[in-house]
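>
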Amino acid sequence: MVDRIKDKLIRTKEEWARTGRGLTGESADPGKVRRPPGQRVTEDFPVLDLGIQPNLSTKEWALSAAGQVAHPLKWTWDQFMALPQREFRNDIHCVTTWSRYDNVWLGVAFRDILKLVEPTPAAKAVMLKSYDGYSTNVLLSDLDRDEVFIAHTWNGTPLTREHGGPVRLVVPHLYFWKSAKWLRHMSFLDRDQPGYWEARGYHMRGDPWQEERYG
Ligand SMILES: Nc1nc2c(c(=O)[nH]1)N[C@H]1C(S)=C(S)[C@@H](COP(=O)(O)O)O[C@H]1N2
Ligand SMILES: [Mo]
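Once you know that position 114 of the sequence shown is 117 in this note's numbering, the rest is easy, because the numbers rise by one and skip nothing.
#1: If distances are taken between C-alpha atoms only, which option among 119, 160 and 200 comes closest to residue 1?
#2: Give a yes or no on whether the C-beta atoms belonging to residue 147 and residue 177 are separated by under 8 angstroms.
#3: Return the Cβ separation of residue 189 and residue 131 in integer angstroms, given the expectation that the two are a contact with Cβ distance under 8 angstroms.
#4: Residues with a Cβ closer than 5 angstroms to any heavy atom of ligand 1, in chain order?
#5: Is the segment 59-77 in contact with the segment 16-24, if contact means three or more CB pairs nearer than 8 angstroms?
#6: Just tell me which of 212, 125 and 121 has its CA closest to the CA of residue 68.
#7: Answer with buried or exposed for residue 107, where buried requires no fewer than 16 other C-beta atoms within 10 angstroms of its C-beta.
#8: What's the gap between the Cα of residue 104 and the Cα of residue 76?
#9: Which same chain residues end up closer than 6 angstroms to residue 56 when comparing Cβ atoms and leaving out the 5 residues on each side of it in sequence?
#10: May I ask you to verify whether the segment 20-39 touches the segment 135-155, counting CB pairs closer than 8 angstroms and requiring at least 3?
#11: Whole alpha helix (DSSP H) runs in the segment 139-189 with 4 or more residues, listed along the chain?
#12: Does the structure place the segment 38-53 close enough to the segment 88-97 that three or more beta carbon pairs sit under 8 angstroms?
#13: On the DSSP bridge assignment, give the partners of residue 69 in chain order.
#14: Residue 185 and residue 194 - do their beta-carbons sit closer together than 8 angstroms?
#15: Between residue 65 and the rest of its own chain, which residues show a CB-CB distance below 7 angstroms, the 5 nearest in sequence each way excluded?
#16: Does the Cβ of residue 79 lie closer than 7 angstroms to at least one heavy atom of ligand 2?
#17: To test your reading of the DSSP string, which unbroken alpha helix (DSSP H) runs of 4 or more residues are found completely within the segment 96-140?
#18: Answer yes or no: the CB of residue 27 versus the heavy atoms of ligand 2, is any distance below 7 angstroms?
#19: Give the secondary structure of residue 200 by DSSP, where H, G and I count as helix, E and B as strand, and everything else as coil.
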């Protein structure tokens, strides 16, 4: 039953990619326009995933980084929480056309992770891998930005299971499918490769202001 619902959801999203659902053909300057083309603002926080929501305690949770890095690393929960903690505020833009403004988060800046692992000169992209089997690719240049972080708290409460707790990635300047929930591993690659949705018709980069919905 869960499998059939899941398959239907995946087929629907593949169909959207084939038919270009949500495309307006417009683009906008993120420095001037808050709402990307084709988006509508909502106050709720919809849940979107493949229907598998891993139930992870912080005890069994760990996050690792390997591949094109000088220092492959693995953090336990205590080690992760001992990294510098910062507050972030941003808007969310989902490819299914909802946007949610003014989310306040606590987490670890991605640049602090980069300082520790030190990507090699060959590193071009990162494959983010999650505990539910999901993956998504992001260029290193899109992760090496002040506003990108790994979150554990949203609007004052620990990230719930359905929104990706214990931790998720947040990449505010790209569509929200790039913000991997239940983050498990970061694989640094010497070339960009498609993740789960990117292999099913979604754009390799996913810039909402350029309407990079499908690719
Ligand atoms: N691990 C994992 N991360 C994921 C997904 C997923 O299925 N699994 N779905 C992506 C998609 S398509 C979206 S729109 C957002 C939704 O996040 P939310 O459920 O917190 O709104 O998570 C993204 N990250
Ligand atoms: Mo999505």
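For glycine and all other residues, C-beta sits at the position ideal for the given N, C-alpha and C.
With the structure as the only source:
#1: Outside the shown range of the chain, which is 4 to 218, sits residue 1, and nothing can be said about it.
#2: In this structure, residue 177 does not lie closer than 8 angstroms to residue 147 by Cβ.
#3: For a cut-off of 8 angstroms, the C-beta gap from residue 189 to residue 131 is around 6 angstroms, short enough to register as a contact.
#4: Working through the chain, the matches are 50, 51, 52, 53, 97, 133, 135, 137, 166, 179, 180, 183, 184 and 185.
#5: For the pair of segments examined, the segment 59-77 was found not to touch the segment 16-24: the number of CB pairs separated by less than 8 angstroms stays below three.
#6: Of 212, 125 and 121, the smallest CA-CA separation from residue 68 is found for 121.
#7: Classification of residue 107: exposed, given that the 10 Å Cβ count is below 16.
#8: As the crow flies, the alpha-carbon of residue 104 is around 33 angstroms from that of residue 76.
#9: Only 164 and 165 meet the Cβ criterion.
#10: Cβ pair count under 8 angstroms is below three, so no.
#11: 143-146, all fully within the segment 139-189.
#12: Output reads yes: the segment 38-53 touches the segment 88-97.
#13: According to DSSP, which records beta bridges pairwise, residue 69 is partnered with 190.
#14: For residue 194 and residue 185, no; Cβs fall outside 8 angstroms.
#15: Cβ within range, chain order: 77, 78 and 79.
#16: False, no ligand heavy atom lies under 7 angstroms from that Cβ.
#17: If we require 4 residues or more, the alpha helix (DSSP H) runs fully inside the segment 96-140 come out as 113-120.
#18: No, the beta carbon of residue 27 sits no closer than 7 angstroms to any heavy atom of ligand 2.
#19: Coil at residue 200, not helix or strand.
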